[in-house]
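Counting in this note's numbering, the sequence shown runs from 6 upward without gaps. Heads up, the beta-carbon is just placed ideally off N, CA and C, and yes, glycines get one too.
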Amino acid sequence: MLTQLTLQNLALVTNAEIEMNAGFNIITGETGAGKSLLLDALTLCVGGRSDAGLIRHGQTTADAFAEFNIRQLPEVMAWLSGQNYPFEDDMLLIRRQLANQNGTLRSKAWLNGMPISMNELKTLGGLLVNIHSQHAQQSLLRPQFVMEWLDSATGLNSQANDVKQAFLQYERLKSQAAQHAKDEQLRQQQIQLLSNQLADIEPIATVLYSELEAEYDELSNLENLMQQAALSVQLLDNDSDEPDVVSLLNRAIKLCEAQTELSQTYADCVEQLYSAHTQIAEVASTLSNYAEGQSLDPKRLALLDEQLSTFHRLARKYHTTPESLVEDSQAWQQQLEDLQSVMSPEAMAEQIEQAYQAYLQKAQALDDSRRANATTLTEALVARLKALALPNVQAAFEFTPLDKPQSIGLSQIELLFSANVGMPMQPIHKIASGGELSRLALIMQVIDAQGVCRNTTTDMATTTRQLLVFDEVDVGISGGTAQVVGELLRELGEEQQIIAITHQSQVAAQAHQHILVYKTQQEKAQSHLKILSGDEQVQELARMSGGVNITEDTLKHARSLLASRRVS
6 MLTQLTLQNL ALVTNAEIEM NAGFNIITGE TGAGKSLLLD ALTLCVGGRS DAGLIRHGQT
66 TADAFAEFNI RQLPEVMAWL SGQNYPFEDD MLLIRRQLAN QNGTLRSKAW LNGMPISMNE
126 LKTLGGLLVN IHSQHAQQSL LRPQFVMEWL DSATGLNSQA NDVKQAFLQY ERLKSQAAQH
186 AKDEQLRQQQ IQLLSNQLAD IEPIATVLYS ELEAEYDELS NLENLMQQAA LSVQLLDNDS
246 DEPDVVSLLN RAIKLCEAQT ELSQTYADCV EQLYSAHTQI AEVASTLSNY AEGQSLDPKR
306 LALLDEQLST FHRLARKYHT TPESLVEDSQ AWQQQLEDLQ SVMSPEAMAE QIEQAYQAYL
366 QKAQALDDSR RANATTLTEA LVARLKALAL PNVQAAFEFT PLDKPQSIGL SQIELLFSAN
426 VGMPMQPIHK IASGGELSRL ALIMQVIDAQ GVCRNTTTDM ATTTRQLLVF DEVDVGISGG
486 TAQVVGELLR ELGEEQQIIA ITHQSQVAAQ AHQHILVYKT QQEKAQSHLK ILSGDEQVQE
546 LARMSGGVNI TEDTLKHARS LLASRRVS
């Protein structure tokens, strides 16, 4: 439930904080006072659209804070855990900030102090709050609204989504098959092209260009390398009478050894000379072995030259580098395998048929469930409408089979309606008046919210613990009908939290908590929030009943409304 709502520099509000009742909360106030600002703030906190007009004039930022207790919302707890958002004591604090930065609107949000993305906030908001707008009666006229309401009110949303996904899979496979048929000629051309390219590359497919180039460079310079090695050995350590490095080192060692008893420096030098002698001897041995172990191989050199020429020729042909040629051929091989692994038309047709049968099975089960639940839902709808001054109302669902598969299932569904004796039932968009549409929209929202027609305990529990918000709940109703609406919302508020805006005193009198929004004119207009009780609530109900001129009669009427409200 929503425990507290805070507004800072939001439109006409400078700073306001309101604690919410667990039951039915009503918001009233004169036209232009800013009644919708509380709902605007709440909507922002559950991922609603940003609006620069919500930033108070003269300010650069606006903030809305919403605090929720989620003790009875296990779905929210599970979502938070899955997204790694910590929470303590079953409490959530959501903050949404709008900022005007040099004419550009920016929006940020935090959940318990941690940044949260707008997409995540919308998902979380959908679990916390169920908002029914003042335009709900217009929604009734949408072709798919009745079907969506039937599914929601009877717990078939998940089943309907399964049907939609099965249909989309069926359509995807059909689209792929059509595209494959269209692309078959091109596919065969690509297979032939790649096969030719790979045949070109085959003679060098297992050769590394870098190793080939290195071996060629060494062999092509081998004679010179052998000569230089022999010359180096001659200079370092030879068996002739000519001086070499090793013999010179031996002379230096003898000279220094003769002086070691006289100077430590000479002793150190002797040690270093012996080390140098060892290293020089090793180098000479390595070079000698290299020079003696090599032999010129003109045939090998010619083969390497041919392979290098092949690398360069194919690199030019395929617009790549010699170093990348083998790697490119591996990519060609993968492309060829992908093209060759495309499913045959026969196998694809079988897969499409399987997908269609899976869709048909799910769609038939959904259609059966919808038809089975339609009667129960109609009875609940008619019973509620009769209490709202429509004693002769009739309603029924009409199922019209579709001539081809669709994502919505096997039937188009309409709600037939008649409010008067002797009048045949017709689709609601043809005969319902504005007042009838208002009452119908409200009752449909209430039935959906209460979950009285759902078959599963889980679905009912999820819905009844959500915060319900009704914007302009009394559009198109008045008098005794408004009284019944108020009683209905109070009854609903005993099961779950409700926030609603109303212009009708009969509705407002039924609230568990009455919030007044009023405006003052100082240097700038400001809206304020106040929880009413006692005489203040009587005064507000009297104003709502009789206008600005409050009389003893309107006060008496207000007191009678409070006295007659449903006892909780």
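Self-check item: Span of the alpha helix (DSSP H) around residue 156
Solution: Numbered from 1 along the sequence shown, position 151 holds the residue referred to as residue 156. 150 to 158 is the extent of the alpha helix (DSSP H) around residue 156.
Quiz item: Once you ignore the five residues that flank residue 206 on each side, which residues in its own chain have a CB closer than 6 Å to its CB?
Solution: On the sequence shown, position 201 is the one that residue 206 refers to. Hits under 6 Å: 334.
Exercise. Check residue 531 in the structure and name its three-state DSSP category.
Key: Position 526 of the sequence shown, counting from 1, holds the residue named residue 531. Strand at residue 531.
Self-check item: CB of residue 490 within 8 Å of CB of residue 482, strictly
Solution: Translated into the one-based positions of the sequence shown, residue 490 becomes position 485. Translated into the one-based positions of the sequence shown, residue 482 becomes position 477. Yes, the Cβ-Cβ distance between residue 490 and residue 482 is below 8 Å.
Quiz prompt | Nearest-angstrom Cα separation, counted from residue 155 out to residue 441 | solution = Working through the sequence shown from its first residue, we reach residue 441 at position 436. Working through the sequence shown from its first residue, we reach residue 155 at position 150. Each residue's alpha carbon lies about 19 Å from the other.
Quiz item: In three-state DSSP terms, what is residue 248?
Solution: Looking up residue 248 in the sequence shown gives position 243. Note: residue 248 maps to coil in three-state DSSP.
Exercise. Could you name the residues that DSSP lists as bridge partners for residue 21?
Key: As a first step, residue 21 must be located in the sequence shown, where it is residue number 16. Paired residues: 12.
Exercise. For residue 553, count neighbouring Cβ atoms within 10 angstroms of its own Cβ and tell me buried if that reaches 16, exposed if not.
Key: Walking along the sequence shown from the start, residue 553 turns up at place 548. Answer is exposed; the Cβ neighbour count stays below 16.
Exercise. List the residues that DSSP assigns as beta-bridge partners of residue 120.
Key: Counting from 1 along the sequence shown, the entry for residue 120 is found at position 115. Partner(s): 115.
Practice problem: Kindly indicate which three-state DSSP category residue 523 falls into: helix, strand or coil? | Solution: As a first step, residue 523 is located in the sequence shown; it is residue number 518 there, counting from the start. In this structure, residue 523 counts as strand in the three-state DSSP scheme.
Quiz item: Taking Cβ positions, are residue 73 and residue 119 nearer each other than 8 Å?
Solution: Here residue 73 is taken as the residue at index 68 of the sequence shown, counted from 1. Here residue 119 is taken as the residue at index 114 of the sequence shown, counted from 1. No.
Exercise. Would you check if there are 3 or more beta carbon pairs closer than 8 Å linking the segment 499 to 513 to the segment 172 to 183?
Key: no
Quiz prompt | Cβ shell of residue 394 (< 6 Å), same chain only, five flanking positions each side left out | solution = Here residue 394 refers to the residue found at position 389 of the sequence shown. Here the set comprises 486.
Quiz item: Got a sec? Which residues, its chain only, sit under 7 Å from residue 608 by beta carbon, not counting five neighbours each side?
Solution: Outside the displayed range of the chain (6 to 573) lies residue 608, so it cannot be described from this structure.
Quiz item: Can you list, in chain order, the residues of its chain whose CB lies under 8 Å from that of residue 558, leaving out five sequence neighbours each side?
Solution: Here residue 558 corresponds to residue number 553 of the sequence shown, with the count starting at 1. For residue 558, where only same-chain residues beyond five positions count, the Cβ hits under 8 Å are 551.
Quiz item: DSSP beta-bridge partners for residue 104?
Solution: Translated into positions along the sequence shown, residue 104 becomes position 99. Answer by DSSP bridge pairing, in chain order: 66, 111.
Self-check item: Test item: CB-CB of residue 446 and residue 145 under 8 Å
Solution: Mapped onto the sequence shown, residue 446 falls at position 441. Mapped onto the sequence shown, residue 145 falls at position 140. It is a contact, given that the beta carbons lie within the stated cut-off.
Quiz item: If you follow the beta strand (DSSP E) that residue 403 is part of, which residue opens it and which one closes it?
Solution: The residue given as residue 403 occupies position 398 in the sequence shown. Here the beta strand (DSSP E) through residue 403 covers 399 to 411.
Quiz item: Alpha carbon to alpha carbon, how far is residue 148 from residue 396?
Solution: Here residue 148 is taken as the residue at index 143 of the sequence shown, counted from 1. Here residue 396 is taken as the residue at index 391 of the sequence shown, counted from 1. C-alpha separation (whole angstroms): 27 Å.
Quiz item: Between residue 494 and residue 386, what straight-line distance do the alpha-carbon atoms span, to the nearest angstrom?
Solution: The residue labelled residue 494 in the question sits at position 489 within the sequence shown. The residue labelled residue 386 in the question sits at position 381 within the sequence shown. Those two C-alpha atoms are separated by around 16 Å.
Quiz item: DSSP on residue 93, reduced to helix/strand/coil?
Solution: Start at 1 with the first residue of the sequence shown, and residue 93 comes out as number 88. In the structure shown, residue 93 sits in a strand (DSSP, three-state: E or B).
Self-check item: Strand pairing of residue 135, partner residues [DSSP]
Solution: On the sequence shown, position 130 is the one that residue 135 refers to. According to DSSP, which records beta bridges pairwise, residue 135 is partnered with 473.
Self-check item: residue 19 versus residue 68: straight-line alpha-carbon distance, rounded
Solution: For the purposes of this step, residue 19 is taken as the residue at position 14 of the sequence shown. For the purposes of this step, residue 68 is taken as the residue at position 63 of the sequence shown. The alpha-carbon atoms of residue 19 and residue 68 are separated by roughly 10 Å.
Quiz item: For residue 275, which of 492, 404, 257 has the nearest alpha-carbon?
Solution: Your numbering for residue 275 matches position 270 in the sequence shown. When only C-alpha atoms are compared, the closest one is 257.
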